[in-house]
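To start, the structure itself, in structure tokens.
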Amino acid sequence: MVETRWLDEGELAAWTAFLEASHRVFRAVEQQLKQDAGLSHPQYEILVKLAVAGGAGLRMTELAESLITSKSGLTYQVGQLEKRGLVTRDACLSDDRGVSAHLTEAGAVALREAAPGHVARVREALIDVLDRDRLAVLADALTEVAARLRDTGT
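Note that this note's numbering numbers the sequence shown so that position 40 is 61, with each residue one more than the last.
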């Protein structure tokens, strides 16, 4: 039987601080996007990914992987965006079973209009709270955590 490695005081402090900060930052961003742009945070991220992909769009499976979400959750969010005319879905040219998502012109406009408020809220909630050195440490640490989880398939 493997013995549990309980968190010590410092580890527990880091974990609880991470939880509270991440929840509060995500809530702040979510509220701003809903209030100012009528978008959820996942919907905003979908628009960003599709804008970066350009006219080719993205296969739904690739989009789900890049957003670290389930295919069903992505399908729901893309469906909501499609109802608003911000994205389209069509059959993938390289795979009859695949579906690709594409940003519409209305989606590009919505993204351009939402971006300034979103960036301002991200700055207020996280970026401007920390000096450059702390931001670099945070970025390095979270990149390392993400890489380890990605390597384990999580």
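Beta carbons are placed, not taken as given, at the ideal position from N, Cα and C, and that holds for glycine.
Legend entry - Alpha-carbon to alpha-carbon, LEU132 and ALA146: Whole-angstrom Cα-Cα distance: 20 Å.
Inset, instruction - Identify the continuous alpha helix (DSSP H) that holds ARG48 and give its terminal residues. - result: Judged by DSSP secondary structure, ARG48 falls within the alpha helix (DSSP H) whose first and last residues are 30-58.
Legend entry - Runs of alpha helix (DSSP H) wholly within the segment 88-117 (minimum 4 residues, chain order): Listed in chain order, they are 92-104.
Inset, instruction - Pick helix, strand or coil for ARG26, following the three-state DSSP scheme. - result: The answer is coil: DSSP assigns ARG26 none of H, G, I, E or B.
Inset, instruction - Can you check the segment 116-172 for any alpha helix (DSSP H) of at least 4 residues that lies completely inside it and give the ranges in chain order? - result: With a minimum length of 4 residues, the continuous alpha helix (DSSP H) runs that stay inside the segment 116-172 are 126-146, 153-172.
Inset, instruction - Report yes if the C-beta distance between GLY128 and LEU88 is below 9 Å; otherwise report no. - result: Taking 9 Å as the Cβ cut-off, GLY128 and LEU88 do not qualify as a contacting pair.
Legend entry - Segment contact, 8 Å Cβ cut-off, at least three pairs: the segment 81-99 with the segment 36-47: The answer is no - the segment 36-47 does not touch the segment 81-99, with fewer than three Cβ pairs under 8 Å.
Inset, instruction - Return yes when the Cβ of ALA122 is within less than 9 Å of the Cβ of ARG110, no when it is not. - result: Contact: yes.
Legend entry - Unbroken alpha helix (DSSP H) run spanning ALA77, endpoints: Where ALA77 is concerned, there is no enclosing alpha helix (DSSP H), given that its DSSP letter is neither H nor E.
Inset, instruction - Output the distance between the C-alpha atoms of ALA118 and ALA112, rounded to the nearest integer angstrom. - result: Residue 118 is actually Arg in this sequence, not Ala. Taking C-alpha positions only, ARG118 is separated from ALA112 by approximately 7 Å.
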